Amino acid sequence: MLFYYLDLIGVAVFAASGVLASRDRELDLLGVIVVATLTAIGGGTIRDLLLDRHPIFWVSDNSYLIVISASAVATVVYLRNFPPPGNAFLVADAMGLSLFAISGANLALAAEHTPLIVVIMGAMTGVAGGVLRDVITARVPLILQRELYATAAIAGIAVYLMLESIAVPHAFAFGTGSLTVVTLRLFAIRWGWHLPVLRQE
Amino acid sequence: MLFYYLDLIGVAVFAASGVLASRDRELDLLGVIVVATLTAIGGGTIRDLLLDRHPIFWVSDNSYLIVISASAVATVVYLRNFPPPGNAFLVADAMGLSLFAISGANLALAAEHTPLIVVIMGAMTGVAGGVLRDVITARVPLILQRELYATAAIAGIAVYLMLESIAVPHAFAFGTGSLTVVTLRLFAIRWGWHLPVLRQE
Amino acid sequence: MLFYYLDLIGVAVFAASGVLASRDRELDLLGVIVVATLTAIGGGTIRDLLLDRHPIFWVSDNSYLIVISASAVATVVYLRNFPPPGNAFLVADAMGLSLFAISGANLALAAEHTPLIVVIMGAMTGVAGGVLRDVITARVPLILQRELYATAAIAGIAVYLMLESIAVPHAFAFGTGSLTVVTLRLFAIRWGWHLPVLRQE
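Protein chains in written order, with our numbering: chain P, 2 to 202; chain L, 2 to 202; chain Z, 2 to 202.
Dropping the structure here:
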């Protein structure tokens, strides 16, 4: 139940990030909603396809699409009246990344996959929607930026897995894992944190 | 049966649009056929994967791949001998968009999904092949253009759903829905119709 | 068993090609591993999804992800100490293309699909990982280059199918098919071989 509400928050913030990414692309309202929807459902859909979970989460429960449309329309209305806060796009993306990374890891864990698969599945669920959004709106994918991105997701999943293995309450493990992702990602943007990068030519 | 032939026409025109998109990309003949194939089967494949319909439509029936190859080769031969009519690419894309949008909606409807899912599934089936084509051939996706695109698909699906709900013959509902998409899309290109767009910075 | 080891070699070389493609993109170490993983598992994952083979090959067997990570880290370490051999990226890509094209064809053949499906499935398995890699790292996809690419894959699959149909040992058919792809592709790069290309405007 908790995970369900966190998933709904996840699609809402990713939908908002899709609208923010469409902002200077001259899309019409329905085009914006299509981009927001693809961003919001991309990661979870790939997760469900890879784990052969049918029906896909948003096919069997209309709440997701309703929340996505509501979030997209609210973001559009906001943007027509106010300038967006400076880092709105990056914050919305970081929140979506964190919620989907932990939710993808959680589902793979529940299906009793190995820790390696749990980490990969979580990372993929977290980054897929954002990569799709960036490719469709012709942006340089955030995952290609210098600051911690996949790393933040993987670190948070590791924290989540460690907490689950010592049998703390699920909500605490989920919360701490997600918070780790968001914090690492936003601090990395703010202070330019990054792992060693590959030597350039 | 009717839907089957309309699907074959859909893959043929999307294949032609894939060839037209490859035109100035210096692809060789087989490369062109690969791009045409991905464009033509992209939307329906994603539809079948999401609805867990196996085998995928073109895996169980070779007619699709034969029609796609024939359409691609015919388009290549035509282009080596004549200049393409001015808007050939946009017209082929509009026809593919319309046929796949209604066909995707039709399949979701037959599987008794809710209207919201039917609309989303139809829109996704219609736009996916074209987005894939534009990303692979490194073009700005048509869905990012200002003129009605996803909107045209969604409006046509709405017309189709309304007609189905009042029990007119399927062929009439399908035809009117498809025609709505093509007409809206082509008129939008011709006269620059668009919904309100998001305010630019 | 033979196919299993060839598949492992396939993911290893595609992972290396993913690292080489990330080289001048300022990705951090984990970002590089994510790109390497997507490149390495992309083609086979799409093959498994399309043929409805579950669990997906890397979900049920951790060896793949371990080999991918090891190959990616080894490539990163190498690149921090030595300049890459001139065509390392193109050679790694050609090897991955060849192994996955034949392996995709082999699986479709084992599932008793028609020759046309076998060819398409092989070609798609071979090119998908590389296209994904090029799109994510914002490069012009290799499939869009003038030299033989999809053509090399299709020619090798044809050789493989002919040899299988005359009942030579599997290993010989696989080896000759793969070698055909690599040789055609590398010779095409070296000497600029290409099929007739579509007339430019």
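A virtual CB, placed ideally from N, CA and C, is assigned to each residue, including glycine.
These numbers come from a predicted model, not from an experiment.
Taking C-beta separations shorter than 7 Å and ignoring five residues to either side along the sequence, the partners of Val132/L in its chain run Pro142 and Ile144, following chain order. Between the alpha carbons of Ile158/Z and Ala174/P lies a distance of about 49 Å. Within 7 Å of the CB of Ile47/P, no CB atom of chain L is found; the nearest one sits about 10 Å away. Among the bridge pairs identified by DSSP, Asp94/L is matched with none. Separation of the CB atoms of Leu108/L and Leu52/L is rounded to 7 Å, and the pair is thereby assigned contact status at 8 Å. Contacts between Val12/L and chain Z, judged by CB atoms closer than 7 Å, are missing: the closest CB pair is about 13 Å apart. For Gly32/L, at least one C-beta of chain Z is nearer than 8 Å to its own C-beta. Annotation for Ile167/P: no alpha helix (DSSP H) segment contains it, and DSSP assigns it neither H nor E. The beta strand (DSSP E) runs lying completely inside the segment 47-91 of chain P and spanning 3 residues or more number zero.
Sixteen is the threshold: when 16 or more other Cβ atoms of the shown chains lie within 10 Å of the Cβ of Glu148/L, as they do, the residue is buried. Going by DSSP, Ile137/L is part of the alpha helix (DSSP H) stretching over Pro116 to Ile137. For Asp8/L, the uninterrupted alpha helix (DSSP H) segment begins and ends at Leu3 to Ser23. Listed by position along chain P, the residues whose Cβ is nearer than 7 Å to that of Arg26/Z are Leu145. When the Cα atoms are used, Asn82/P and Arg186/L turn out to be separated by approximately 30 Å. Chain P places a beta carbon closer than 8 Å to that of Asp53/L, counting this residue as a contact. Ranking Thr152/P, Ala22/P and Gly87/P by CA distance to the CA of Leu39/P puts Ala22/P first. Chain P places a beta carbon closer than 8 Å to that of Asp29/Z, counting this residue as a contact. With respect to chain L, the C-beta atom of Tyr150/Z has a partner C-beta closer than 8 Å. With contacts defined as CB atoms closer than 8 Å, Ala41/L and Ala16/L qualify as a contacting pair. Distance from the CA of Val120/P to the CA of Met2/Z, rounded to the nearest whole angstrom, comes to 28 Å. For Thr38/Z, the C-beta contacts it makes with chain P under 8 Å involve Ile121, in order along the chain. When the five nearest sequence neighbours on each side are left out, the beta carbons in the same chain lying within less than 7 Å of the beta carbon of Leu91/L are those of Ile190, in order along the chain. Within 7 Å of the CB of Ala93/P, no CB atom of chain L is found; the nearest one sits about 16 Å away.
With a cutoff of 8 Å on beta-carbon distance, Gly130/Z and Gly44/Z are scored as near each other. Chain L places a beta carbon closer than 8 Å to that of Ala124/Z, counting this residue as a contact.
Close CB contacts of Glu165/L within its chain, under the 8 Å cut and outside five residues either way in sequence, are with Leu110, His171 and Ala174 (chain order).
Close partners of Ile155/P in chain Z (Cβ separation under 7 Å): Leu31. Between Leu98/L and Val68/L a beta carbon distance of about 18 Å is seen, past the 8 Å cut, so the two are scored as non-contacting.
The residue from Val20/P, Asn63/P, Leu28/P and Trp192/P with its alpha-carbon nearest to that of Tyr5/P is Asn63/P.
It is roughly 45 Å from the alpha-carbon of Arg54/L to the alpha-carbon of Trp192/Z.
Under a 10 Å Cβ-count criterion, Val169/L is classified as exposed, with fewer than 16 other Cβ atoms of the shown protein chains found around its own Cβ.
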